[in-house]
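Here the protein sequences line up with chains A and B, keeping their order. Numbered by numbering that gives the first Met the number 0, the letters in the first sequence go through residues 0 to 196 in order. Numbered by numbering that gives the first Met the number 0, the letters in the second sequence go through residues 0 to 197 in order. No residue lacks a Cβ here, since even glycine has one placed at the ideal position from N, Cα and C. Keep in mind it's a predicted model, so treat the numbers as computed, not measured.
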Amino acid sequence: MKKLLVFVFSFLFVLTAQSFAHKISAFVDVEDGNVSLVSYFSDGTPAKNAKVTVYDSKGNVVLTGRTNKEGEFDFKVKKSGKYRAVVLAELGHRAVVDFTVGTPAASSESKTTGNAETKTTAQSSMNSTALPPSAEEFRKVLREELRPIHREILKIEEAQSSISYKDVIGGLGWILGIFGAAMFGYCYRRRESGDAS
Amino acid sequence: MHISEGVLPGWCLITGWVLTSAGLYVGLRSINGRKIPRTALLSAVFFVASLIHVPIGVTSVHLLLNGLAGALLGWAVFPALFVALLFQALLFQFGGITVLGVNTFNMAFPGVVAYYVVRPLLRKGTTGSLIAAGVLAALIGVFLAATFVSAELMSIGSSFTKTAELAFLAHIPVAAIEMVINSFVFLYLKKSGIPLEV
Chain A
0 MKKLLVFVFS FLFVLTAQSF AHKISAFVDV EDGNVSLVSY FSDGTPAKNA KVTVYDSKGN
60 VVLTGRTNKE GEFDFKVKKS GKYRAVVLAE LGHRAVVDFT VGTPAASSES KTTGNAETKT
120 TAQSSMNSTA LPPSAEEFRK VLREELRPIH REILKIEEAQ SSISYKDVIG GLGWILGIFG
180 AAMFGYCYRR RESGDAS
Chain B
0 MHISEGVLPG WCLITGWVLT SAGLYVGLRS INGRKIPRTA LLSAVFFVAS LIHVPIGVTS
60 VHLLLNGLAG ALLGWAVFPA LFVALLFQAL LFQFGGITVL GVNTFNMAFP GVVAYYVVRP
120 LLRKGTTGSL IAAGVLAALI GVFLAATFVS AELMSIGSSF TKTAELAFLA HIPVAAIEMV
180 INSFVFLYLK KSGIPLEV
């Protein structure tokens, strides 16, 4: 029996180590009005065939679509401005991403995870003042040069959106604390009434 | 099977909170001193179990263990899962605060049903009946929760049969793993002379 218990627990541990999480995250990459959106469950499984709705800053629906097998959805927006994409996957999973298209130097990225409250926006925009006449080309070269960094940042953001052991242990501590306080209250009350009698 | 923030309409969220509050009231009244440590333990188990998960096709699912918690706690499963889901929402962004009512009800109510169904089997206490109790608790906990989720997602226009089909298929492996875990836990408790009900 003991052996079996050890087996079950080690089995659980292996599973836990392999993958963490249960929410979806969405990431957006913008280049000249071409927007590519990727959506994952936070263990890295792509959110396949999830419904994507893109809103402009006034809340009007610009376009809708579905992600492919890799959890990707590519689309174009004509007007520059701020947009919001909402990804709705099966069984009530939802992620929100804000992004900007066509600011002066045309390169921005942003992401949000899971629920709208925890929003971190990483924006890298180049200032277009004082560029030589071949500004267009210069920008293009620069974008090529920055692409690896760009990818790296996306990777870091993805890593950040997953769950750490710290959160798990912290949560367990909270649960023990709350029920410990309840136990304390219960014992205290019992002792009080015991004294009285 | 946590429903995310902003998916369900307001009336759905409010209904969830009302039902959960009722469950919490009954649950808290049923807790006595001997039950507090057990409630805490199963709350912690549920909290961690949601991190153990299996990618299936278009979605990914995780262990629930709400049947186990329900069978061992009765109505006290409501406060136990409420606390666990609260911290999952705060720390992992699973679900969210406004949908906490709905999510708690989805998980805890099947637990209560499992409690009433398996109670006679646990009382009987033979090896066979304990295994049967483990299997039943897993099935009721997982599939009743899947049914609730599918029903609630109807309110945003998904078809019930389609969502339910997906939820059921995706949770078959989860239910299978839970049957084994539940049976082991019941047998272990019996062997150690720990009462299965409090």
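Should C186/A be counted as a contact of the ligand ATP given a C-beta to heavy atom distance under 8 Å? This structure simply doesn't include the ligand ATP, nor any ligand for that matter.
Check the C-beta distance from L80/B over to A107/B and give it rounded, since I have them as a contact under 8 Å. 5 Å
DSSP beta-bridge partners of V53/A: L62/A, A84/A
Tell me the DSSP secondary structure of R93/A in three-state form. strand
Would you kindly report the start and end of the unbroken beta strand (DSSP E) that includes E71/A? 71–75
What does the alpha-carbon distance come out to for the pair L36/A and V96/A? 9 Å
Does the distance from the C-beta atom of A84/A to that of V34/A stay below 9 Å? yes
With distances taken from CA atoms, which of E177/B, L84/B, G110/B is nearest G133/B? E177/B
Unbroken alpha helix (DSSP H) run spanning L188/B, endpoints: 159–190
Within a Cβ cutoff of 8 Å, which residues of the same chain sit near Q87/B, ignoring the five residues on either side of it in sequence? H1, F46, S49, F93, G94
Going by C-alpha distance, which of L7/B, E196/B, V44/B, I13/B is nearest G124/B? E196/B
Pick out the complete alpha helix (DSSP H) segments inside the region 3–61 of chain B, 4 residues or longer, and give them in chain order. 9–29, 34–48
Please list the residues of the region 137–170 of chain A that have a C-beta atom closer than 7 Å to any C-beta atom in chain B, keeping them in chain order. I162, D166, V167, G169, G170
Consider the Cβ of L12/B: report whether some Cβ of chain A lies at a distance smaller than 9 Å. no
So which residues on chain B does G91/A lean against when the C-beta distance must stay under 7 Å? I2, S3, V6, V148, L152
Taking Cβ-Cβ distances shorter than 8 Å, what residues in chain A pair up with L165/B? E89, L90
In chain B, which residues lie less than 7 Å from A180/A when you measure between Cβ atoms? In chain order: nothing, as chain B lies at least about 10 Å away.
Taking the alpha helix (DSSP H) that P45/A belongs to, which residues open and close that run? No alpha helix (DSSP H) holds P45/A; DSSP gives it neither H nor E.
Distance check for A158/A and L138/B, CA to CA, integer angstroms please. 35 Å
Thinking G110/B and N65/B are a contact (beta carbons under 8 Å), I'd like their distance in whole angstroms, please. 5 Å
Indicate the three-state DSSP secondary structure (helix, strand or coil) for F93/B in the structure shown. coil
Can you check whether the CB of G69/B is closer than 9 Å to the CB of A113/B? yes
Is A36/B close to chain A? Criterion is C-beta to C-beta, closer than 9 Å. Rather than Ala, the amino acid found at residue 36/B in this sequence is Pro. Yes, P36/B counts as interfacial toward chain A.
Is it buried or exposed, A134/A, if we count other Cβ atoms within 10 angstroms and call 16 or more buried? exposed
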